[in-house]
Every structure is written in C-alpha cells, then in structure tokens.
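I have placed the structure first, in the form of structure tokens, so that the comments after it can refer back to it.
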Amino acid sequence: MKRWLARFALAGMVLAPLWVAEAGTVHGMVNNGTTGKPAAGVEVILIELQGGMQPVANTKSDAKGEFAFDNPGLGAHPMLVRAVYHGVNFHQPVPPGSSNVQVNIFESSTDAKIINVPSHVVVFQPNGSTLIVGEEYEIENKSRPSQAYFRADGNFDFSLPEKARLQQVAASGPTGMPVVQAPIDKKNNHYSIAYAFRPGASRVRYSYEIPYPGNTATVKISTIYPGGRLIVVAPPTVQVSGQGLAAGGQEQGMSVYGRDDVPAGTIVAVNLSGTAPPPDAGGGADQGQQGRDAQQGGGEAAGVGIQQVPGRLDVLKWPVIIGFLCVFALGAILLVRKPVVAVAGGVPLEESTVAANPEKTRSAAAFSSRSSPASGATSLAEVDAVIGTSLDALKERLFRLELRHQAGTISEEEYAQERARAEKVLRDLVRG
454 MKRWLARFAL AGMVLAPLWV AEAGTVHGMV NNGTTGKPAA GVEVILIELQ
504 GGMQPVANTK SDAKGEFAFD NPGLGAHPML VRAVYHGVNF HQPVPPGSSN
554 VQVNIFESST DAKIINVPSH VVVFQPNGST LIVGEEYEIE NKSRPSQAYF
604 RADGNFDFSL PEKARLQQVA ASGPTGMPVV QAPIDKKNNH YSIAYAFRPG
654 ASRVRYSYEI PYPGNTATVK ISTIYPGGRL IVVAPPTVQV SGQGLAAGGQ
704 EQGMSVYGRD DVPAGTIVAV NLSGTAPPPD AGGGADQGQQ GRDAQQGGGE
754 AAGVGIQQVP GRLDVLKWPV IIGFLCVFAL GAILLVRKPV VAVAGGVPLE
804 ESTVAANPEK TRSAAAFSSR SSPASGATSL AEVDAVIGTS LDALKERLFR
854 LELRHQAGTI SEEEYAQERA RAEKVLRDLV RG
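Residue 454 is where the sequence shown starts when you use the numbering used here, and the numbers rise one by one after that.
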C-alpha cells in the first residue's frame with residue numbers, strides 16, 4: 454500500500470509542472486465578425502478579475518489574428534480578454550481549463566436603426582419607506598452585415614422618475630457577462646451609457662430607489678424606444694394599476710402585468726400601494742469586494758473601485774434583492790415571447806400569463822409531448838409540481854450566487870458564468 458502511495462506521489466510530482474504550465478497559457482484569435490476574417494494588429498489585454506479588474510498583460514494580434522498569453526492566473530481562476538478595436542472594447546471570458554479563446558470584434562455603426570428593443574421589464578420591491586426599482590431592457594442587434602452599435606457620447610438612453618436615486622447600471626452582451634457601466638448624466642434625470650451592442654441579444658439593467666411614504670407611490674415609467682412590451686412585476690401583496698396595464702396572474706410568486714406596443718415617448722404612470730416581506734435570506738456572507746468596470750469607449754483599462762462590505766446579511770439584503778429580482782425579470786422577458794392572445798377588456802398579453810389555469814404553460818406542454826404513452830396520463834398538476842421543484846432549487850441557487858457576488862467571495866467572471874448557466878436552466882424550464 455505504501456509503495457502504491459509513493460508511486461502516486463511521484464507521479465504527482467512529475468505531472469504537476471505540466472499542469473501548471475498548461476494552466477498558465479492561453480492561445481487566442483481575434484476575429485472580425487463584420488468581415489469574417491482574422492484581425493491583425495489589434496490590441497489585446499489580459500485582465501485579472503480577482504481583487505478588481507486589473508490588466509496584467511497586453512499584446513497585439515499577429516498577421517493571422519493570433520495571440521498568446523502566459524500568466525500564472527490562467528487556468529487557476531477565471532480571467533478576461535479584452536480586444537480594443539478603434540477605441541471600442543470587446544470582451545471574452547477565459548474560464549479555468551480553457552486553453553483557447555476567440556475574441557470577436559466588429560466594425561462600429563452609429564445608426565440606431567440596427568437595434569430594436571422588444572421588451573422593457575420593471576420590477577418593484579417595497580423596503581419600508583423606500584421603493585426599490587429594477588429595470589431591464591432587452592436589445593436586439595440583427596444588423597447585416599454584422600456591426601456593433603456604439604457611440605462614445607452615449608448610445609443607450611434611459612430616464613428615471615422624479616426623486617429617483619440611481620444605484621447601478623450594468624450591461625451584458627451575448628456572452629451573458631454583466632459589466633458595470635459609468636452612466637453619462639444628460640441632466641433632468643436623463644442618462645446614457647456608451648456600450649458596444651454586438652450582434653445578438655444584449656441587456657441593460659439598472660436599479661434605483663424612490664421614496665415610498667405611507668406605502669404608496671405613483672411611478673412614472675418613461676418609454677424611450679418604440680414598439681416594445683412593458684412588463685411590470687411586483688410582489689402579490691402590492692396593489693398595482695396603470696393605464697393600459699393588464700393583469701396577467703402570478704408567475705413564481707410574483708404578480709405580472711403587461712402592456713403591448715408602447716409608443717416611444719410614452720409615460721406610463723404605475724400606481725403602487727402596499728408592503729411586501731423581504732425574501733427569506735437564510736445564510737451568512739463574508740467580507741469582500743465588488744468590481745466595477747468603466748464605461749465602454751476608451752482603449753485604456755480603467756481602475757476599479759473596491760468596496761469593503763460588512764459580513765452581516767442585513768447590509769447585503771437589499772442589494773441582493775435587486776440581483777435576485779432580475780430572475781423574475783428574465784422569466785417575464787421569456788414569457789412575453791410566447792404567443793399572444795386577446796384579453797377581453799384589456800391589452801393583449803401572453804397566453805401563459807392570461808390563461809385561467811397558469812399551470813398550462815408551454816413547458817408543461819413540451820414535457821407532455823416528450824413523454825411516453827405510459828406517462829401520457831401524467832396530470833398537469835404533477836408536471837407543474839416537477840417544474841416548481843426545479844424552479845425552487847434554481848431560485849435558491851441564484852439567491853446564494855447573489856449573496857456571494859455582493860459579499861465579494863466570487864469573481865466577476867465566475868459570477869457571470871454561474872449566472873449564465875442558471876439563466877439557461879430558467880429558459881429551458883420556461884420554454885419546456
């Protein structure tokens with residue numbers, strides 16, 4: 454037995470340097486998604502995510518668009534590769550175990566017509582005398598040929614209601630990695646961000662707080678982009694009403710309201726009243742930090758502010774809620790993509806949200822269609838129970854992930870990867 458242990462130890466000593474060498478090297482290529490050709494002479498930066506987003510190495514792509522980095526952090530923990538093309542940043546994650554990476558860059562366009570905004574989700578959460586609000590826009594870029602939509606002076610605009618205090622703005626591209634943005638103040642509660650919207654689906658999320666005296670408020674939501682669906686989400690104990698808003702029942706413990714085809718420039722006054730208990734936040738959190746990336750636009754990597762936070766859960770509770778409620782926002786976005794039916798006396802809403810029996814979702818239908826004849830008699834209630842159990846586990850997973858993120862015990866890159874995996878599971882559950 455000792456002889457076998459000695460052999461294993463010897464093998465480990467021999468192989469360990471090879472593992473370390475492999476872990477410290479990554480080979481990559483910069484590809485121009487507009488031309489479909491490798492991009493030569495592009496500045497490439499390797500970014501360390503632990504302890505803040507700090508550049509640790511830089512190079513340029515060769516004539517074949519290729520580059521390589523050797524760094525001890527590669528393979529040991531998630532890192533990030535940034536390609537700077539014509540002053541615009543394009544990012545690609547490098548998770549542990551990856552030895553190859555491709556960074557797609559695009560020619561930029563300032564034409565806003567290459568994007569559209571199909572959905573706008575607003576999530577409300579009362580917190581005593583304060584109302585926490587999270588808004589999320591989905592942005593689609595279907596440009597042909599493929600281009601990135603970008604303007605250095607701001608290419609995505611949004612407005613806040615009166616007396617709102619902006620907390621944070623983040624944007625994520627097709628890779629799903631959220632990057633905190635520096636808002637450009639356009640005055641009078643109008644803001645913008647400068648972010649390169651690549652082909653595919655991107656999201657912009659921001660959160661703010663407004664006064665909630667007497668547990669009541671009227672929030673005026675501005676719609677800047679035309680033709681999108683407005684989805685309002687709130688706890689069921691909060692009464693919600695607004696011009697054109699149609700109640701769509703409850704989805705995973707949250708009340709959903711919707712309005713289709715909202716014209717640009719419309720101000721939708723949403724009336725809210727009532728209180729809501731905070732989500733069950735069982736568990737602890739350690740001290741840590743939160744990284745912030747600067748706004749897109751410059752080729753120079755900006756420093757990252759590190760904020761130490763106490764380990765007490767009470768301090769983290771409300772920042773966690775904002776991230777956690779994005780789960781419901783994502784679910785609402787997925788719901789609005791389902792077939793639309795007319796609601797008597799109201800605005801058209803998705804079939805899943807207006808049906809008298811909300812358990813009859815496309816997920817259940819897909820589940821049934823995949824079942825064998827022997828399982829064909831499975832009731833919708835049983836299917837819903839299975840889905841509900843999966844969603845409960847998913848919500849617990851996401852809540853703990855948000856705790857780790859706010860406590861600083863998980864890197865931005867690892868957080869983005871875990872969140873992307875969870876969102877994929879959520880999409881599968883909702884779509885069936």
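Quick reminder that beta carbons are idealized off the backbone N, C-alpha and C, glycines included.
Since the structure is predicted, the reported quantities are computational estimates derived from the model, not experimental observations.
- The beta strand (DSSP E) runs of length 3 or more contained entirely in the stretch 589–634 are, from start to end of the chain, 609–612, 618–625 and 631–633.
- For the pair glycine 504 and alanine 493, the Cα-to-Cα distance works out to about 31 Å.
- Counted as a single uninterrupted DSSP element, the beta strand (DSSP E) harbouring glycine 681 occupies residues 681–687.
- For aspartate 713, the enclosing beta strand (DSSP E) begins and ends at 707–715.
- Taken through DSSP and simplified to helix, strand or coil, lysine 490 comes out as strand.
- When the alpha-carbon of valine 479 is set against those of His539, Pro546 and Lys877, the nearest one is in Pro546.
- Note on geometry: alpha-carbon atoms of threonine 719 and glycine 711 lie some 15 Å from one another.
- One thing to note: asparagine 524 has its Cβ within 9 Å of the Cβ of leucine 499.
- Using a Cβ distance threshold of 9 Å, proline 716 and proline 664 do not count as a contacting pair.
- Across the structure, valine 483 and glycine 607 are spaced so that their CA atoms are roughly 26 Å apart.
- DSSP, reduced to helix, strand and coil, places leucine 851 within a helical segment of the structure shown.
- According to DSSP, threonine 583 shares a beta bridge with Asn580 and Pro664.
- In chain order, Ala476, Gly477, Thr478, Val479 and Val547 place their CB closer than 7 Å to the CB of leucine 527, counting only its own chain and leaving out the 5 sequence neighbours on each side.
- In this structure, the beta-carbon distance from threonine 671 to alanine 729 does not fall below 9 Å.
- Glutamate 591 has its alpha-carbon roughly 19 Å from the corresponding atom of histidine 643.
- Contact fails between the stretch 526–545 and the stretch 568–585, because fewer than three Cβ pairs, one in each stretch, are under 8 Å apart.
- Between threonine 487 and serine 599, the beta carbon gap of about 5 Å places them in contact (Cβ cut-off 8 Å).
- Alanine 649: not part of any beta strand (DSSP E); DSSP gives it neither H nor E.
- In this structure, the alpha-carbon of lysine 517 lies about 15 Å from that of asparagine 553.
- Linking proline 491 to glutamate 662 through their CA atoms gives a straight-line distance of about 45 Å.
- In terms of Cβ geometry, serine 675 and glutamine 621 do not form a close pair [threshold 9 Å].
- At the C-beta level, alanine 565 and tyrosine 602 come within 9 Å of one another.
- By the 16-neighbour rule on beta-carbons within 10 angstroms, arginine 618 is exposed.
- Measuring C-alpha to C-alpha distances from valine 556 to each of Ile568, Lys513, Thr563 and Val723 identifies Lys513 as the nearest.
- The alpha helix (DSSP H) runs lying completely inside the stretch 510–538 and spanning 4 residues or more number zero.
- Within the DSSP secondary-structure output, isoleucine 567 pairs in no beta bridge.
- The beta-bridge partner set that DSSP reports for glycine 481 consists of Phe520 and Val554.
- For proline 546, the beta-bridge partners assigned by DSSP are Leu533.
- The beta carbon of lysine 616 is closer than 8 Å to those of Ile663 and Pro664 in its chain, skipping five residues each way along the sequence.
- Comparing alpha-carbon positions, the option among Leu683, Gly701, Arg656 and Val633 lying closest to glutamate 876 turns out to be Arg656.
- Per the DSSP secondary-structure output, isoleucine 677 pairs with nothing in a beta bridge.
- By a beta-carbon distance limit of 8 Å, serine 582 does not contact alanine 649. Their separation comes to about 39 Å.
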